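Per full-length UniProt numbering, the sequence shown runs over residues 1 to 480.
Cβ coordinates follow ideal geometry from the N, Cα and C atoms, glycine included.
Everything numeric in this text was worked out from a predicted model, so none of it was measured.
Just below is one structure, and these are the notes that go with it.
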Amino acid sequence: MSIALKELIYSVGQQEYVENFDHGIAFFQTITLEDFSGSAKEIADNIRNLVCESDGYYYIFNCDYQSKKKEPISSFWYKCSQNSDLTKRARKIENLSKQRDKLPITRYDCNGILKIAIDINSKTADIQLYHDLIHDRPERISVNQEIRNFIGDRLHQTPAEIFSQLEINNPNLTQKQCHYWWTILIKKQYQKDLDQLKSSLLLLEESNKEIIMQNIVGNVKYLAFIMPFFNKLIHNQEILIDATYKTNALNFELYAVIGQIDGARFAAAYLFLDNAKKDEGVRTEILTAFLTNLKKLDKDWSQINAAKIVWSNCKIQLCLWHAKKSIKKKLADNSEPKYNAYNPIEANSQFSFIDILWCPIIPPNLPFIFCPKTLQVKILELFTKHFHLHPLIPIGSGEFLSSEDIWKLLTEEMYNFCYENDLKYVWAYMWCNWYKFNLWVLWARAADPEKICIFKTTMLVESHWKVIKRNYLPRFLDRV
């Protein structure tokens, strides 16, 4: 149980330290006392020691309570040793030869408290741990310069990897100590300023990276820079762009422009953007200034609009995977529609085969099913087929069709399928969101009659995010 408790507290501490170090920790767990012996106070102290070893903080005994209603239950309270409530006034002694001045411990208004309630009868203990502020851990025992140098020479490794090399010859060294000194030493290497955005800017300048735009003091902050491969990718005909989130402590959006050389992906440029209000206009404006050559998107209108502004003649190619995901989600949604954007007269003006009397009604008849499960797969298959049609590729009869003919063919095919299966609501959705001409040109390969886009999805970028988030993010999230 003691090992399991240590692992549990350590995992919670790690998660908070990586993902939520600007906030607090609230932890509650009930454990059995099979592995503990002694009085209630001795058991509580042993549990406290386990928590200290796993959590990285010291907890000092503060007070105890005996339950008046339930005699066997004893509660013990411990406070974080760095809690500002424990600050004592410094005292001077008369014999100056014995005076030993030392730096005071750094204290915080963390309200760190550990509560342990021991129930001897049921042989259980309730553990409550609260920390309003995650602050620097105290140094447990002194670490000699040799160990520090050992850690400093291996900053490219994780603390766990370094600790596994040190623990054999240093049995008194703790994993938390190793993590602490790794953090201190790596911060000296990467952290150039307490302001994380300014620190990143200074680090990029120090590394001779070309910064193409930046605003680190305005209401909407951003920082964009290009990578060494930019000059090799600048003549590529197709480039992908995608955004990801939760890659930095400031919660900035991160955009990447990715190109391909001999089948391998390379980053051309990055943009960090603070858009907490999710303002599409602001996002589009900044992306418009950032983009340099773009041909590939998922269905993000701010990216699409920015690309249209910068490259009026470019072919916008939506990601097939994201498109199918969006359609699949809608087909499975049986919530009652509140309004109807479908205009059958307008649709009929485009194609005469569309019946103006066949259209969805609001509110729908109950029970409402947007699309039966048995037909959802067929619709996705049809959409995928329509995605791949192209004037340079003959259809089954061997005939080559123009872009406009392909648009008419696939629209009629989707309409007929919906009509034959009485899928009024599905057809209205597909037309309004995918098959209108101004929307069709965003995802269909046939929209560009002279070229076939190499990329079908943004998976090349997704794999790039995977490398960043799994290989690098856990090591450097709070460093720069």
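Check, Outcome
"Excluding the 5 residues preceding and the 5 following K115 in the sequence, name in chain order all residues of the same chain whose CB lies nearer than 7 Å to its CB.", "S75, W77 and Q128"
"Could you tell me if M430 is buried or exposed, where buried requires 16 or more neighbouring beta carbons within 10 angstroms of its beta carbon?", "buried"
"Can you check which of these residues, T174, I395, I113 and N121, is closest to I147 by C-alpha distance?", "T174"
"Considering only the alpha carbon of each residue, which of C418, D119, L320 and Q29 lies closest to K69?", "D119"
"Where does L201 land, buried or exposed, given buried means 16+ other C-beta within 10 angstroms?", "buried"
"Is it a yes or a no for the stretch 322–340 touching the stretch 366–385, going by three-plus beta-carbon pairs under 8 Å?", "yes"
"Is it buried or exposed for M213, if we count other Cβ within 10 angstroms and need 16 for buried?", "exposed"
"Evaluate Y245 with the Cβ neighbour count: other Cβ atoms within 10 Å of its Cβ, from every protein chain shown; 16 or more gives buried, anything less gives exposed.", "exposed"
"If distances are taken between C-alpha atoms only, which option among P159, A446, L273 and Q66 comes closest to Q317?", "A446"
"Per DSSP, what kind of secondary structure is V85 in: helix, strand or coil?", "Note that residue 85 is Asp in the sequence shown here, rather than Val. In this structure, D85 counts as helix in the three-state DSSP scheme."
"Roughly how many angstroms separate the alpha carbons of W434 and W440, rounded to a whole number?", "5 Å"
"What's the C-alpha gap between K451 and S349?", "29 Å"
"Taking 7 Å as the threshold (C-beta atoms), are Y65 and R137 in contact?", "no"
"Which of the three DSSP states, helix, strand or coil, is assigned to C80?", "strand"
"Are A243 and V257 touching if we call contact CB-CB under 7 Å?", "no"
"Locate the beta strand (DSSP E) running through H386, then write down its first and last residues.", "Premise fails: H386 lies in the alpha helix (DSSP H), K373 to H388, not in any beta strand (DSSP E)."
"So, are the CB atoms of Y255 and P360 less than 7 Å apart?", "no"
"For W311, which three-state DSSP category applies?", "Only weak support is given to the placement of W311: the predicted model assigns it a pLDDT of 49, under 50, and the question is left unresolved by the model."
"Buried or exposed: where does Y472 fall if 16 or more other Cβ atoms within 10 Å of its Cβ makes it buried?", "exposed"
"Rounding to the nearest angstrom, what Cα-Cα distance links H322 and R107 in this structure?", "49 Å"
"Got a sec? Which residues, its chain only, sit under 8 Å from V12 by beta carbon, not counting five neighbours each side?", "Because the pLDDT of V12 is 49, which lies under 50, any placement of that residue in the model is unreliable, and the number read from its coordinates should be weighed accordingly. Excluding residues within five positions, the ones whose Cβ falls inside 8 Å are I25 and F27."
"Measuring alpha carbon to alpha carbon, tell me which of H156, I151 and L155 ends up nearest E167.", "I151"
"For Y130, which residues in the same chain have their Cβ closer than 6 Å to its Cβ, ignoring the five residues on either side in sequence?", "A26 and I113"
"Which residues in the same chain as residue 481 place their Cβ atom closer than 8 Å to its Cβ, once the five residues preceding and following it in sequence are excluded?", "Outside the modelled stretch of the chain, which goes from 1 to 480, sits residue 481, for which no answer is possible."
"For the structure I just gave you, are there three or more beta carbon pairs, one from the stretch 282–290 and one from the stretch 402–416, closer than 8 Å?", "no"
"Count Cβ pairs between the stretch 390–405 and the stretch 354–372 that sit closer than 8 Å; are there 3 or more?", "no"
"Which stretch, first to last residue, makes up the beta strand (DSSP E) that contains N208?", "Run containing N208: none; DSSP gives neither H nor E here."
"What would DSSP say about R48, mapped onto helix, strand or coil?", "helix"
"Residues in the same chain with beta-carbon distance under 8 Å from Q82, minus the five sequence neighbours each way, listed in chain order, please.", "Y57, Y58, I105, T106, R107, Y108, C110, G112, H135 and P138"
"Closer than 7 Å by C-beta to H390: which residues in its own chain qualify, once you throw out the five before and the five after it? Chain order, please.", "R445, A446 and I452"
"How is C432 classed by DSSP in three states: helix, strand or coil?", "helix"
"My assumption, with CB atoms under 8 Å, is that F387 sits in contact with W443. Please give the rounded CB distance.", "6 Å"
"How many angstroms separate the CA atom of S352 from the CA atom of S463?", "44 Å"
"Can you give me the Cβ contacts of N340 inside the same chain, cut-off strictly under 7 Å, excluding the 5 residues immediately before and after it?", "P360, I362 and A428"
"Excluding five sequence neighbours on each side, which residues of the same chain lie with their C-beta closer than 6 Å to the C-beta of A224?", "I212, M213, L271 and F290"
"So with Cβ pairs under 7 Å, would you call S67 a contact of chain D?", "No chain D is part of this structure, which consists of one protein chain only."
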